[in-house]
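Following our numbering, the numbering of the sequence shown begins with 1 at its first residue and continues without gaps. A virtual CB, placed ideally from N, CA and C, is assigned to each residue, including glycine. Being a predicted model, the structure only gives us computed values, none of them experimental.
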Amino acid sequence: MAEASYEDHIQLLPGMAFDSLVWEKKAMKRTHWLESSVLFYRRSAYYRFVVGLRGLFQQRAEDVNSFERLEWLITPFGWFHFAMAAANTYHTQYLGRAKGSGLLNAFNQLERKGLNKVETKGVFHHHLNEALHHVAEAEIRACWLAEGGVATLSELRTKTPQQLQDMAATIYRKHATSLAIDKMKGLPKEKQDEVKQQHTMFLRDILPYLLLRRAIKSGDVGMLEKLLPFFFLQFIGGGNGNYATECIELLQGLHREWPAEIAQHVRMNCWLMTISGRPNSFVPFDQKQEHNNRDIKDTYRSEGPNIDWKFLKKLHPAVPTIRAVTEHIEDQFETYTRGKRHTAPKKEKDVQRLVNSYKELHKLHEGRTLHKDDRAKDYLLTGADKVLYGGWLDKWHDNRFFVRSTQQMY
């Protein structure tokens, strides 16, 4: 069913209430928006669907009771699409020229085709995520070489564990923090190194993304929550007001509006899921929904003259079970027709190739400058300026206020 209009969303709500939502029948204190039953939307809606539901929420603000006003509805965003949006901001921010030292140069060195512009379909995001990890690893290795004064990482084996720990802290402080960037900006113009400064900014910005991907995979919802303020500023600075709004709406709900029991339920049941229960097997709900879409449209596609909507409505809820049975049989009888894991081809060679070109980037060269097309904007600083002085929060605050009925007529 389409989700293009409010009418489409209204038609979807009854199915959501009993198929995709879970009733929590608990005696709860009366609040301004719930009494005895709370509905949680557990599939982590796509952004457009979330926006549609919020628009419907406002449209029905003067209906006769809290159920008709949709005051029971909570709509968390999907972390899979959130991570994709975050990766796209780095692509826009640090792409640069093919002859520069930005991401486009790295993509060319790695011979990764199709990454020169953002795409929404195909395997673009998978390849971009992989490339960002490779570039970040190469940058970090180059920092170890520069700080350790060695030619290869193997030479660091002579260091004691305490020395390595101290070096790691120094690398972070000098090569991946806003403090290091401000210190370099404070130097006289002729002593500044724009190249080192920009790559320090890249490491500062990319480390939270690496933490985001790791937290999703490991099921660390606490880390996801801790990362929200950073990405809030990153999205604002990068011009992605939609996901910036999602960040602040979620923080508002978790820390200001929802009861503690509701907030904890959202964290533990509405963000990530795992089918196998194995370590590092978590995926966001919206990514799992993408898998279901693939199975419905392709892997377990129904064909034939007698296929109608009634049949599909019966079949589709069983697709996850069909997939689980199929995978179990393939595992037991070793009848795999293709691999299920994405691997990074020539990963070590790719990273080492980048390290060789990055060795001098994190060493100070006074007076080194960047081409104007290679200079990246500081999205984090821009975002902070817009929040503190640009009236962004005031606009968000004003948009949340509208006339709303308090009637309870059933």
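In the structure shown, P284 adopts extended strand secondary structure according to DSSP, grouped into three states.
Rounded to the nearest angstrom, the Cβ distance from A142 to H362 is 5 Å, consistent with a contact under 8 Å.
Within the model, the alpha-carbon separation for I275 versus T369 is close to 51 Å. Around L110, the same chain offers A131, H134, D350, R353 and L354 as residues with beta carbons nearer than 8 Å, after the five sequence neighbours per side are excluded.
Nearest C-alpha to E137 among Q163, A176 and K159: A176.
Within the region 174–234, the alpha helix (DSSP H) runs of at least 4 residues that lie entirely inside it are, in chain order, 178–185 and 194–218. In this structure, S66 and Q408 form a Cβ contact; the two beta carbons are roughly 6 Å apart against a cut-off of 8 Å. The C-beta separation of E366 from K191 comes to about 5 Å, placing the pair in contact by the 8 Å criterion. The beta carbon of R97 sits closer than 8 Å to those of L104, N105, H371, D373 and D374, all from its chain and outside the five residues before and after it, given in chain order.
Beyond the five residues adjoining it in sequence on each side, L381 comes within less than 6 Å, by CB distance, of no other residue in the same chain.
For the region 250–278, the continuous alpha helix (DSSP H) assignments of 4+ residues that do not extend past its boundaries occur at 260–269, in sequence order. Taking the C-beta atoms as reference points, A318 is found no nearer than 8 Å to I216. In this structure, K174 sits near A180, with a CB-CB distance shorter than 8 Å. Contact fails between the region 254–266 and the region 86–94, because fewer than three Cβ pairs, one in each stretch, are under 8 Å apart. The beta carbon of L228 sits closer than 7 Å to those of C247, L250 and L251, all from its chain and outside the five residues before and after it, given in chain order. In the same chain as L95, and ignoring 5 residues on each side of it, the C-beta atoms closer than 7 Å to its own belong to G102, L103 and L104, in chain order. By the neighbour-count definition (other C-beta atoms within 10 Å, threshold 16), N293 is an exposed residue. Cα atoms of Q165 and Y172: separation of roughly 11 Å, rounded to the nearest angstrom. Going by DSSP, L145 is part of the alpha helix (DSSP H) stretching over F124 to G148. For the 8 Å CB-CB criterion, R112 and H125 do not form a contact.
Counting only unbroken stretches of 4 or more residues, the alpha helix (DSSP H) elements lying wholly within the region 56–118 are 79–94 and 103–109, in sequence order. Secondary structure of N240 (DSSP, three-state): coil. With respect to the 8 Å criterion, I236 and G383 are classified as neighbours on the basis of their beta carbons. Inter-residue distance for H91 and L56 is about 34 Å (C-alpha atoms, whole angstroms).
Here H365 carries a coil assignment [DSSP, helix/strand/coil].
Of the candidates H81, G122, Q59 and L187, L187 places its Cα closest to the Cα of L364.
For I329, the uninterrupted alpha helix (DSSP H) segment begins and ends at V319 to F333. By the neighbour-count definition (other C-beta atoms within 10 Å, threshold 16), M201 is a buried residue. Between V221 and W271, the C-beta spacing is below 8 Å. With contacts defined by Cβ atoms closer than 8 Å, M223 and L233 do not form a contacting pair. Just measuring C-alpha positions, the residue of D63, M184 and Q93 sitting nearest Y379 is Q93.
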